[in-house]
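Numbering (this note's numbering), first residue to last: 13 to 320.
Ideal Cβ placement from N, Cα and C applies to all residues, glycine included.
Since the structure is predicted, the reported quantities are computational estimates derived from the model, not experimental observations.
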Amino acid sequence: MTVLFAVYSGTAYAKPETSVRASYRTAYLESGTFTHSGYFSNDTVYRNGSSLSYYPAKITTLIRGVYRYSTEPSAKGHYRVFLHVNYFVVAGKTKIYLKNETFEVASGTFEDSFEVPLELNMSHLEKNLRKVRTGTGLFRAENEVYYTVIVKVPKRDEFKQVITLNRNAAGMLYLTGLDRTYKKTIRTVETSTNSISFLGSDVSVPTARTVFPLMSVLFAVPVIGFAYSRRERKPKDDLRVLRRYIIEGGPVRSRTHVVLASPEDLRRVFELVERPIIHYRLDGTDCYAILDGDTAYEYRASRLDQQL
Numbered sequence: 013m014t015v016l017f018a019v020y021s022g023t024a025y026a027k028p029e030t031s032v033r034a035s036y037r038t039a040y041l042e043s044g045t046f047t048h049s050g051y052f053s054n055d056t057v058y059r060n061g062s063s064l065s066y067y068p069a070k071i072t073t074l075i076r077g078v079y080r081y082s083t084e085p086s087a088k089g090h091y092r093v094f095l096h097v098n099y100f101v102v103a104g105k106t107k108i109y110l111k112n113e114t115f116e117v118a119s120g121t122f123e124d125s126f127e128v129p130l131e132l133n134m135s136h137l138e139k140n141l142r143k144v145r146t147g148t149g150l151f152r153a154e155n156e157v158y159y160t161v162i163v164k165v166p167k168r169d170e171f172k173q174v175i176t177l178n179r180n181a182a183g184m185l186y187l188t189g190l191d192r193t194y195k196k197t198i199r200t201v202e203t204s205t206n207s208i209s210f211l212g213s214d215v216s217v218p219t220a221r222t223v224f225p226l227m228s229v230l231f232a233v234p235v236i237g238f239a240y241s242r243r244e245r246k247p248k249d250d251l252r253v254l255r256r257y258i259i260e261g262g263p264v265r266s267r268t269h270v271v272l273a274s275p276e277d278l279r280r281v282f283e284l285v286e287r288p289i290i291h292y293r294l295d296g297t298d299c300y301a302i303l304d305g306d307t308a309y310e311y312r313a314s315r316l317d318q319q320l
């Protein structure tokens, strides 16, 4: 039983007390898309109304399109669309802004979805850029143009999309940020207490960590007590330090015979005379003698010593 409960104790400590399970569900989904087409001052290559990834900057006069927003599940909210035109010069790697303009081009309420027509008049933007260059004398001034769509639905995160007009080194115009999708995910965490099967019953891990070690100790106590009570307690060997100097012999004959009273006396004589200790039996008693000339120092062991 001690071993059994010890094994179950190890199992209890090897297993986590609790298990955490996370589940996810989509609360809502929002998406915004801008589709566009271009109009040109020279339509020998590109027809007006063509939708291109890149528009030649020198002949593109207008980029027109429709912004569409939708959400699932159905919801009511409010939207606002802004056009930003910022004028700047570059000093080193730093942009220094000269003039920032923001125009609200659309706003309103919606349910489920809405559409907003958007237009970038390249001729008008180029004309205003020339005015800034002339007015500031900074003929290296450039402009950055982008739309910001902001949608607010009660009890939801704000939906924001930025659509930017770009110009590359080859003189081509292109738009970025045309599509955006936002999915709100809700995470639910469930915590459960783990258990261990014991004799057909389930025991929770916290309880098992307390009970099983205690039961193992309780069952071990009688075994330890029995072993301790059966252990033989050997008496102290008073001659232990002298055993290496003891030799076997016969009864000692001498003119002078001194009887020693204790093993300690035998040890003192041994240290003084530095002679071997002769062991023999006399009348059923173990005797230990040291000869020093005509004198014999003898110690007769008690019954306790004889048991050793």
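Roughly how many whole angstroms lie between the Cα atoms of residue 45 and residue 214? To locate residue 45, count along the sequence shown from 1; it is residue 33. To locate residue 214, count along the sequence shown from 1; it is residue 202. Taking the straight line from one Cα to the other gives about 56 Å.
Look at residue 208 and residue 23 and say whether their C-beta atoms are less than 8 Å apart. Within the sequence shown, numbered from 1, the residue matching residue 208 stands at position 196. Within the sequence shown, numbered from 1, the residue matching residue 23 stands at position 11. Contact flag set, yes.
What's the C-alpha gap between residue 133 and residue 91? Within the sequence shown, numbered from 1, the residue matching residue 133 stands at position 121. Within the sequence shown, numbered from 1, the residue matching residue 91 stands at position 79. The straight-line gap from Cα to Cα measures roughly 23 Å.
From residue 249 to residue 260, what distance separates their C-alpha atoms? Within the sequence shown, numbered from 1, the residue matching residue 249 stands at position 237. Within the sequence shown, numbered from 1, the residue matching residue 260 stands at position 248. Whole-angstrom Cα-Cα distance: 18 Å.
Pick out whichever of 272, 89 and 225 has its Cα sitting closest to the Cα of residue 165. Reading the sequence shown from its first residue, position 153 is the one you call residue 165. Comparing Cα-Cα distances from residue 165 to each of 272, 89 and 225, the minimum goes to 89.
Residue from 150, 193 and 182 with nearest C-alpha to residue 171: Numbered from 1 along the sequence shown, position 159 holds the residue referred to as residue 171. Checked all of 150, 193 and 182; the closest Cα to residue 171 is 193.
Residue closest to residue 43, alpha-carbon to alpha-carbon, out of 274, 81 and 33: By 1-based counting over the sequence shown, the position of residue 43 is 31. When only C-alpha atoms are compared, the closest one is 81.
Assuming the contact rule is C-beta atoms closer than 8 Å, residue 30 and residue 204 should be a hit. Round their C-beta distance to whole Å, please. Against the sequence shown, residue 30 aligns to sequence position 18. Against the sequence shown, residue 204 aligns to sequence position 192. About 6 Å; that satisfies the 8 Å criterion.
What is the DSSP secondary structure of residue 87, counted as helix, strand or coil? Residue 87 sits at position 75 when you count from the first residue of the sequence shown. Residue 87: coil per DSSP, three-state reduction.
Can you tell which of 153, 117, 287 and 123 has its C-alpha closest to the C-alpha of residue 103? One-based indexing of the sequence shown puts residue 103 at position 91. Answer by Cα proximity: 153.
Pull up the CB-CB distance for residue 321 and residue 98, whole angstroms please, since I reckon it's below 8 Å. Nothing can be reported for residue 321, as the shown portion of the chain is limited to 13 through 320.
Taking only the alpha-carbon atoms, compute the straight-line gap between residue 87 and residue 195 and give it to the nearest angstrom. For the purposes of this step, residue 87 is identified with residue 75 of the sequence shown, where counting begins at 1. For the purposes of this step, residue 195 is identified with residue 183 of the sequence shown, where counting begins at 1. In this structure, the CA atom of residue 87 is about 14 Å from the CA atom of residue 195.
Please classify residue 318: is it buried, with 16 or more other beta-carbons within 10 angstroms of its beta-carbon, or exposed? Translated into positions along the sequence shown, residue 318 becomes position 306. For residue 318, the predicted structure reports a pLDDT of 48, less than 50, and the residue's modelled location is therefore unreliable. A value from the coordinates is still provided. The residue in question, residue 318, is exposed, as its Cβ has fewer than 16 Cβ neighbours within 10 Å.
Quick one, which of 84, 148, 76 and 158 has its alpha-carbon nearest residue 114's? Residue mapping note: residue 114 aligns to position 102 of the sequence shown, counting from 1. Taking only the C-alpha atoms, the option nearest residue 114 is 158.
Secondary structure of residue 234, DSSP reduced to three states: In the sequence shown, the residue the question calls residue 234 occupies position 222. Correct three-state label for residue 234: helix.
Beta-ladder partner(s) of residue 123, from DSSP: For the purposes of this step, residue 123 is identified with residue 111 of the sequence shown, where counting begins at 1. Residue 123 is bridged to 88 and 125.
CB residue 302 to CB residue 258, shorter than 8 Å? Numbered from 1 along the sequence shown, position 290 holds the residue referred to as residue 302. Numbered from 1 along the sequence shown, position 246 holds the residue referred to as residue 258. No; because the gap between Cβ atoms is not below 8 Å, this pair is not in contact.
Determine the burial state of residue 147: buried for a count of at least 16 other Cβ atoms within 10 Å of its Cβ, exposed for fewer. Locating residue 147 in the sequence shown gives position 135, where the first residue counts as 1. So residue 147 counts as exposed.
Reduced DSSP secondary structure (H/G/I, E/B, other) of residue 137: On the sequence shown, position 125 is the one that residue 137 refers to. Helix, per DSSP.
Nonlocal neighbours in the same chain, by C-beta distance under 6 Å from residue 202, ignoring five residues either side: To locate residue 202, count along the sequence shown from 1; it is residue 190. Contacts found: 33.
Does DSSP put residue 20 in a helix, a strand or coil? For the purposes of this step, residue 20 is identified with residue 8 of the sequence shown, where counting begins at 1. Helix, per DSSP.
Whole-angstrom distance between residue 27 and residue 173, CA atom to CA atom: Here residue 173 corresponds to residue number 161 of the sequence shown, with the count starting at 1. Here residue 27 corresponds to residue number 15 of the sequence shown, with the count starting at 1. The alpha-carbon atoms of residue 173 and residue 27 are separated by roughly 48 Å.
What do you reckon, are the CB atoms on residue 150 and residue 110 nearer than 8 Å? Locating residue 150 in the sequence shown gives position 138, where the first residue counts as 1. Locating residue 110 in the sequence shown gives position 98, where the first residue counts as 1. Yes.
On the CB-based measure, 16 or more other CB atoms within 10 Å of its CB, does residue 300 come out buried or exposed? Residue 300 sits at position 288 when you count from the first residue of the sequence shown. Residue 300 is buried by the Cβ-count criterion.
Contact defined as beta carbons within less than 8 Å: I believe residue 279 pairs with residue 306. What is the distance between those atoms, to the nearest angstrom? Residue numbering aside, residue 279 sits at position 267 when the sequence shown is read from its first letter. Residue numbering aside, residue 306 sits at position 294 when the sequence shown is read from its first letter. About 22 Å; that fails the 8 Å criterion.
Under the assumption that residue 309 contacts residue 253 (Cβ atoms under 8 Å), give the Cβ distance between them as a whole number of angstroms. Taking the sequence shown and counting its residues from 1, one reaches residue 309 at position 297. Taking the sequence shown and counting its residues from 1, one reaches residue 253 at position 241. A Cβ-Cβ distance of about 17 Å is found for the pair residue 309 and residue 253, leaving them out of contact under the 8 Å criterion.
For residue 303, which beta-bridge partners are listed by DSSP? In the sequence shown, counting from the first residue as 1, residue 303 sits at position 291. Per DSSP, the beta bridge partners of residue 303 are 308.
Cα-Cα separation between residue 14 and residue 35, rounded to whole angstroms: For the purposes of this step, residue 14 is identified with residue 2 of the sequence shown, where counting begins at 1. For the purposes of this step, residue 35 is identified with residue 23 of the sequence shown, where counting begins at 1. Near 42 Å, if we compare the C-alpha coordinates of residue 35 and residue 14.
May I have the straight-line CA-CA distance separating residue 126 from residue 94, to the nearest angstrom? To locate residue 126, count along the sequence shown from 1; it is residue 114. To locate residue 94, count along the sequence shown from 1; it is residue 82. Cα-Cα distance, rounded: 16 Å.
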